[in-house]
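Counting from 1 along the sequence shown, just add 66 to a position and that's the residue number in this note's numbering.
Backbone N, C-alpha and C fix where the C-beta goes; we use that ideal spot for every residue, glycine too.
Have a look at the structure below before the remarks.
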Amino acid sequence: EREIGERQRIFESSLDLILVVDGSGRIQRASPAARDILGCAPEALVGREVAALACEDDAERMRARLLGLGTGEPMRDFQCRVRHADGHAVALSWNGVGDGTEQRYFLVGRDLSEHLKLEQQLRHAQRLDAIGQLTGGVAHDFNNILTVITGTIDALAISVKGDPQVAALVKLMDEAAERGAQLTRQLLAFARKQPLQPRDIDVNALVADTMAMLRPTLGEHIEIETHLEETAWHAFVDPGQLAAAILNLAVNARDAMPEGGKLTIETDNVVLDEAYCAAYAEVRPGPYAMIAITDTGCGIPPDIRDKVFEPFFTTKSPGRGTGLGLSMVYGFIKQSGGHIRIYSETGQGTTFRMYLPRPDGRAAEETAELPAAAVEAGGGETILIAEDDAMVRAHVTEQIRSLGYRTLAAAHGEEALAILEREPAVDLLFTDVIMPGGMNGRQLADAARRRRPGLKVLFTSGYTENAVIHHGRLDPGVLLLAKPYRKVELARMIRTALGGKASQVPEEAGPLAAAS
């Protein structure tokens, strides 16, 4: 009697669906879990055929497994979809045994919905990571090409100053190259390979400042509303990139409301617990500053919701967008150690929630401001260039030589170290971060400094990696010149790395971009 009572308690309290089935496959008893799993009362299942609960494609499979139970073959981890009372399919894992009489069977069905959801989210995160790796590699190679193109354009611009017609063509080339550079920056943002400058920021103040840019951008047909938490926590992110993320999400919302609507921006303090974070890859439990952007537009259909962060994915007509805006937001948030979540209903609107890490006492790295008045020439110092791309190596060697430096060039780390061994006077190592042959730029710099303590080093790369940057932040004491770069940027960063100015020559040509 005690054993019977214990079985009854298990039957009543189990989170799994327990069914008692007769020899013909009809349900005699169903546990209370039927309400949560199938959306119906246990009594409503009594008398129904078990196989009839299964979705059409799985019904015959269920009948076959029940026949197997009749022959003494146990049912183990049999996955079968059953129909919920509201019509949607529920994946269950079934285990079953007979009572030895061939007149009654016991089935236990475990709801796999959460498990499958976690698997899907993991696959989605892995897919985005794989796309990010591919994207970063393509951007790296493209930046090498652009480095040569932009440098050549700068030289051409000087030589054709006396010919307005040719100068106009060179200007078009320069604008096209700059568009290419912007494209690679967007790709690197998604790939989480962009250098960031995180600092302690007041999210309410940043949202308020961004509003000034939003109003003319969105147009009069969009109503803007804000709900800012008065005691909103500060965040530790790159303020420029966060402002760009808000702007991208707002523009995306505007495009979802072509006939007009309302855009709501809110801030809040959120603590993500262990249970929530277990469902999302790379999310750590703890406090976050949250910024939410909500529109009243068309919503995002469920079948494409997992694709919206992929680069170049867009539902807009050709020419109306690159499909990189949301990719940039995703990459920035993830690289910053945050989390982004979409809530959307077709025809009702969409909410993007950005969860931003708090400062936790971290300090921002100070970035030196470089003067913009002139190209700084060299004073005959010797610079060792380590660059695996032959075209880039030849180009940058000539650029540095024209600035008044003596140059030595190597195709990989081992060659650079060999040159360092035989050359008594090397003032600066200018090395690409990513090089083949088992030695990256950081490893080369470390090995070179062991041989020449105090050797100055300037890194360059088409994209960042953990060799010199972690979570988007340059390691302390590291100088990085991002590709593609102009000759003026190269000159200034070399002088900065060497620790002072030698002489100045008039600036050449080409727009300036951030050097790090």
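Query, Result
"For Phe375, three-class secondary structure by DSSP", "coil"
"Boundaries (first-last residue) of the beta strand (DSSP E) holding Asn314", "First-last for Asn314: Pro305 to Asp321, but that is the alpha helix (DSSP H), not the beta strand (DSSP E)."
"Closest residue to Gly285 among Leu315, Ala271, Thr297 and Arg320 (Cα-Cα distance)", "Arg320"
"Local conformation of Ala358 per DSSP, three classes", "strand"
"Stretch pair the segment 543-557 + the segment 477-484: three plus CB contacts closer than 8 angstroms", "no"
"Terminal residues of the alpha helix (DSSP H) in which Ile84 lies", "First-last for Ile84: Leu83 to Asp88, but that is the beta strand (DSSP E), not the alpha helix (DSSP H)."
"Straight-line Cα distance separating Arg75 from Leu132", "26 angstroms"
"Where the beta strand (DSSP E) through Val395 begins and ends", "Taken as a continuous stretch (DSSP letters only), Val395 belongs to no beta strand (DSSP E), being part of the alpha helix (DSSP H) at Gly391 to Gln401."
"heavy atom of the ligand ZN below 7 angstroms from Ser468 C-beta", "This structure simply doesn't include the ligand ZN, nor any ligand for that matter."
"Residue-chain proximity (Lys237, chain D), Cβ-Cβ < 8 angstroms", "Annotation note: the requested chain D is absent from the structure, which comprises a single protein chain."
"Span of the beta strand (DSSP E), counted from its first residue to its last, around Ile267", "Arg265 to Ile267"
"Three or more C-beta pairs below 8 angstroms linking the segment 290-306 and the segment 323-339", "yes"
"Inter-residue CB distance, Val156 and Leu212 (contact presumed, cutoff 8 angstroms)", "With 8 angstroms as the limit, Val156 and Leu212 do not qualify as a contact, their Cβ atoms being about 52 angstroms apart."
"Neighbourhood of Arg176 by C-beta distance below 7 angstroms, restricted to the same chain and skipping five residues each side", "Asp82, Leu158 and Ser159"
"Residue environment, Leu85, which counts as buried when at least 16 other CB atoms sit within 10 Å", "buried"
"C-alpha distance - Asp123 paired with Arg129, whole-angstrom precision", "12 angstroms"
"Limits of the alpha helix (DSSP H) - the one that Val554 falls within", "Lys553 to Leu564"
"Bounding residues of the beta strand (DSSP E) (the contiguous stretch that carries Gly520)", "Neither: Gly520 is in no beta strand (DSSP E) and is coded neither H nor E."
"Limits of the alpha helix (DSSP H) - the one that Tyr342 falls within", "Glu340 to Cys343"
"Proximal residues to Ala107 (C-beta, below 8 angstroms), its chain only, five neighbours per side dropped", "Ala100 and Arg101"
"Inter-residue spacing [alpha-carbon to alpha-carbon] between Glu411 and Thr360", "12 angstroms"
"Buried versus exposed, by CB contacts within 10 Å (16 or more), Met141", "buried"
"Leu521 beta carbon less than 8 angstroms from that of Val499", "no"
"Alpha-carbon spacing of Gly365 relative to Ile560, whole angstroms", "50 angstroms"
"Spatial distance of Ile267 from Gly391 (CA atoms)", "23 angstroms"
"Outcome for Asp512 when other beta-carbon atoms lying within 10 angstroms are tallied against a minimum of 16", "exposed"
"Helix, strand or coil at Leu469 [DSSP, three-state]", "coil"
"Selection from Val303, Leu494, Asp152 and Pro264 that minimises the alpha carbon distance to Gly445", "Leu494"
"Per DSSP, cross-strand counterpart(s) of Gln145", "Ser159"
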